[in-house]
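For reference, the structure discussed in these notes is given below.
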Amino acid sequence: MTIHEAHQLLKTKQLSSVELTKACLERISQVEPKVHALITITDELALKQARKADELIVTGDNNPLTGIPVLIKDIICTKGIRTTCASKMLENFVPPYDATVIEKLNECGAVIVGKSNMDEFAMGSSTENSAFFPTYNPWDLSCVPGGSSGGSAAAVAAGETIYALGSDTGGSIRQPAGFCGITGLKLTYGRVSRYGLVAFASSLDQIGPLTKDVTDCALVLNAIAGYDSRDSTSAPYPTPDYTQCLTTDLEGLRLGVPKEYFVEGMQAEAAQAIKAAINKLEELGARVEWEVSLPHTPYALAVYYIIAPSEASANLARYDGVKYGFSYQADSMWEAMEKTRQYGFGDEVKRRIMLGTYALSAGYYDAYYLKAQKVRTLIRQEFDKAFEKFDALVTPTSPTVPFKIGEKIDDPLQMYLSDVCTLPINIAGLPAISIPAGFANGLPIGMQIIGKPFSEETILKIAHAFQQATEWHKRKPKI
Ligand code: GLN
């Protein structure tokens with residue numbers, strides 16, 4: 092069920108929030124032994140919130156999110172609920188406060204069913220870097236669900252929750268949404284408050300929704316978007332009602348298809364499906380220019396893997412065993428700090444810290460970090476220029492369908508390559524959505540629609556028109 096379908100049933104009293112929540116919890120206990128999407132199940136809290144929501148609905152509350160179950164990526168702080176970042180470092184960390192997005196969902200009467208699995212500190216593309224357990228793709232349990240918001244995406248696809256929140260630093264909402272056959276939106280940098288989002292790479296991180304369709308994305312956006320004085324990077328712009336842009340007429344919209352995103356080695360079936368989907372957009376009235384070129388695109392991967400680890404190395408310095416989180420007890424302060432970090436962090440996190448401290452160190456700073464920042468500007472300018480001509484750009488979300496568990500875990504470079512199509516968007520701070528656009532060998536393929544800064548309405552409109560004309564987003568895994 093989607094949010095808007097559930098809302099209708101709740102509003103017309105054909106269903107209560109308690110019933111809906113119980114159905115989700117039931118589904119969780121049914122499929123979790125196979126999918127492993129949740130780190131924490133908050134069943135008691137969920138039922139309490141559901142009872143409260145039912146009372147609100149009786150008194151005429153008409154918020155579309157009231158009484159609807161949601162799953163939260165375990166990197167978003169929830170007051171009184173363990174927030175682990177899928178790391179041993181924060182295994183027992185219970186935040187004393189709610190992230191702004193959680194406060195906002197609570198104000199809407201949301202029902203939180205749990206916290207979802209992810210790659211440790213959101214570093215990864217497969218959810219295999221969780222310190223606790225990997226998550227499995229509900230379409231094929233031998234495959235990864237993508238990452239780092241793999242738990243959120245798998246749970247939505249498997250029907251364990253109606254929708255979920257994730258975070259996207261380089262593709263972590265869109266790539267798992269693509270791999271799990273659902274809709275995932277990464278917002279313009281600054282559109283949603285990051286207060287209470289545990290920091291990975293601060294100039295790239297954004298929170299966003301993972302849902303079953305575009306209408307649901309718009310509904311969640313209405314609840315969470317907007318300025319927040321507690322986040323200095325949040326943008327002081329007004330937010331529209333995002334459901335208003337959901338028309339089906341694409342007449343006159345100009346779309347560009349950058350050829351660099353059909354990377355070498357891309358799976359033929361995936362490329363074919365995306366091209367067919369773009370043809371559909373053309374049928375719906377959009378004017379499509381194939382063969383657009385964004386020549387700096389191939390540098391995005393290198394830029395990202397300098398900037399993101401650099402920022403991560405600084406952000407993760409706070410885990411020293413003193414302030415909070417895991418703390419190794421030793422006689423000397425230095426030993427305590429070293430061992431805390433040795434045992435608290437997993438391999439991928441340590442790799443990023445080493446890459447980042449190296450890139451930022453005296454003597455290398457100019458050659459790596461500064462150079463990467465300059466290329467970042469070029470990438471951004473290239474997008475700006477493209478958007479003088481186009482309303483949106485359309486690309487694959489990933490170069491492949493979901494890969495097998497274990498296939499790339501020992502080859503970090505191959506793993507990093509699964510985000511080639513999504514990383515440039517974070518580097519430029521743009522909004523982009525991934526929607527289901529086809530299948531190959533029974534596995535979902537995602538199409539990415541990229542917009543100019545703060546043009547979420549345009550990409551939602553295009554994605555919505557596509558979903559009104561196709562059925563891909565309605566397919567469900569048989570689990
Ligand atoms: N896969 C990318 C990384 O490992 C992006 C992760 C993310 O968006 N959080 O850094």
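Throughout the sequence shown, residue numbering follows this note's numbering, covering 92 to 570 in sequence.
The C-beta atom is built at its ideal place from N, Cα and C for all residues, glycine as well.
Contact check between the region 246-259 and the region 108-123: three or more CB pairs, one atom from each, fall below 8 Å, which counts as touching. Straight-line measurement puts the Cα of Glu110 at about 15 Å from the Cα of Gly200. Secondary structure note for Pro400: its alpha helix (DSSP H) is the uninterrupted segment Ala391 to Asn406. For Phe436, no alpha helix (DSSP H) run applies, since DSSP gives it neither H nor E. Going by beta carbons, Phe474 and Ile541 fall inside the 9 Å limit. C-alpha of Met214 to C-alpha of Glu380: approximately 35 Å in a straight line.
Rounded to whole angstroms, the separation of the alpha carbons of Gln105 and Pro503 is 50 Å. The beta-bridge partner set that DSSP reports for Ala316 consists of Val283. Secondary structure within the region 435-522: the beta strand (DSSP E) runs of 3 or more consecutive residues, fully enclosed, are 483-487 (chain order). With respect to Leu521, Leu346 sits apart: the two C-beta atoms are not nearer than 9 Å. The alpha carbon of Pro300 has as its nearest neighbour, out of Ile163, Glu219, Ala128 and Asn228, the alpha carbon of Ile163. Secondary structure of Val348 (DSSP, three-state): strand.
Contact between Ile470 and Ala519 holds: CB atoms are separated by about 6 Å, below the 8 Å threshold.
DSSP, read as helix, strand or coil, puts Lys206 in strand. Burial is judged here by how many other beta carbons sit within 10 angstroms of a residue's own beta carbon; Glu355 has fewer than 16 and is exposed. It is roughly 17 Å from the alpha-carbon of Met357 to the alpha-carbon of Gly237. No Cβ-Cβ contact shorter than 9 Å links Ala314 with Leu136.
It is roughly 18 Å from the alpha-carbon of Asp332 to the alpha-carbon of Asp152. Annotated as distal: Thr174 and Lys195, with beta-carbon spacing of 9 Å or more. The C-beta distance from Ile167 to Val192 rounds to 6 Å, short enough to fall under 8 Å.
Judged by DSSP secondary structure, Ala255 falls within the beta strand (DSSP E) whose first and last residues are Tyr254 to Asp259.
Ala246 and Pro229 have their C-alpha atoms some 8 Å from each other. Taking C-beta atoms as the reference points, Ser216 and Ile496 fail to come closer than 9 Å. Assignment of Phe530 by DSSP, reduced to helix, strand and coil, places it in the strand class. Lys139 carries a helical assignment under DSSP once its states are collapsed to helix, strand and coil. Exclusion of Ala523 from the 8 Å shell around the ligand GLN follows from its C-beta lying no nearer than that to any non-hydrogen atom of the ligand. The beta carbon of Ala222 lies closer than 6 Å to those of Ala177, Ser178, Lys179, Glu211 and Gly437 in the same chain, with the five residues before and after it left out. A buried status is given to Trp563, since no fewer than 16 other beta-carbon atoms sit within 10 Å of its beta-carbon. Gly275 places its beta carbon 9 Å or farther from that of Arg285. Exposed is the label assigned to Asn370, since fewer than 16 other Cβ atoms lie within 10 Å of its Cβ.
Within the chosen limit of 8 Å, the ligand GLN reaches the beta carbon of Ser239 through at least one heavy atom. Between Ala368 and Gly529, the C-beta gap is smaller than 9 Å, which places the two residues in contact. Relative to the non-hydrogen atoms of the ligand GLN, the Cβ of Thr260 comes within a distance shorter than 8 Å of at least one. With respect to Ala399, Leu288 sits apart: the two C-beta atoms are not nearer than 9 Å. Around Ala290, the same chain offers Asp296 and Asn406 as residues with beta carbons nearer than 7 Å, after the five sequence neighbours per side are excluded. In the DSSP assignment, Arg378 is bridged to Arg345.
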